[in-house]
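Student: Take a look at this one; I'll ask things after.
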C-alpha cells in the first residue's frame, strides 16, 4: 500500500475537531525532525508544522477538509522542527487514498 519511503501520518477521524495522529511513518519523523513521541496524539492537520509562510487559506482548507471528511490535495509550506522550510504535503482521506492505490 505505501512504500518504505512514504512520509505520512494517520489520524483518527472519529475524534471530532482534533483528529489525533495515531500513526506516523519513520520517514515523516525523519523529514520533520520530530520524534514519534512528540507527534503522536497531535492533530493530523499538523498545525505544529505551520510557520510564517504557511498560508492562512491553506490552513482553513485543511481544517474544512478534515471537518467534512473530504479529500484535499494542495501544496503547502510546512516547517521542520528546526524551523527550516519543508516541501509539499498531500492531505487525503485514508479511504480515498486506498481507492487510488
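Residue numbers (the working numbering): 116 to 216. Built from N, CA and C at the ideal position, the CB exists for glycine as well.
Only counting the same chain, and skipping five residues up and downstream in sequence, which positions put a Cβ closer than 7 Å to that of residue 133?
Tutor: Hits under 7 Å: 158.
Student: Give the list of continuous alpha helix (DSSP H) stretches no shorter than 4 residues that lie fully inside the stretch 116-169.
Tutor: 141-147, 151-154, all fully within the stretch 116-169.
Student: Between the beta-carbon of residue 122 and the beta-carbon of residue 143, is there less than 8 Å?
Tutor: It is a contact, given that the beta carbons lie within the stated cut-off.
Student: Go ahead and pull the three-state DSSP assignment for residue 196.
Tutor: Correct three-state label for residue 196: coil.
Student: If you check the beta carbons only, do residue 166 and residue 196 fall under 8 Å apart?
Tutor: No, they are not a contact pair.
Student: Kindly indicate which residue of 141, 153, 125, 171 has the alpha-carbon position closest to the one of residue 163.
Tutor: Checking every option, the nearest Cα to that of residue 163 belongs to 153.
Student: Closest to residue 192 by CA distance: which of 173, 183, 146 is it?
Tutor: With distances taken between Cα atoms, residue 192 lies closest to 173.
Student: How many angstroms separate the CA atom of residue 168 from the CA atom of residue 129?
Tutor: Rounded to whole angstroms, residue 168 to residue 129 spans 30 Å at the Cα level.
Student: Any idea if residue 124 is buried or exposed, counting beta-carbon neighbours within 10 angstroms, 16 or more meaning buried?
Tutor: Counting Cβ neighbours within 10 Å, residue 124 comes out buried, since at least 16 surround it.
Student: Using CA coordinates, which residue listed in 194, 137, 135 is at the minimum distance from residue 170?
Tutor: Checked all of 194, 137, 135; the closest Cα to residue 170 is 194.
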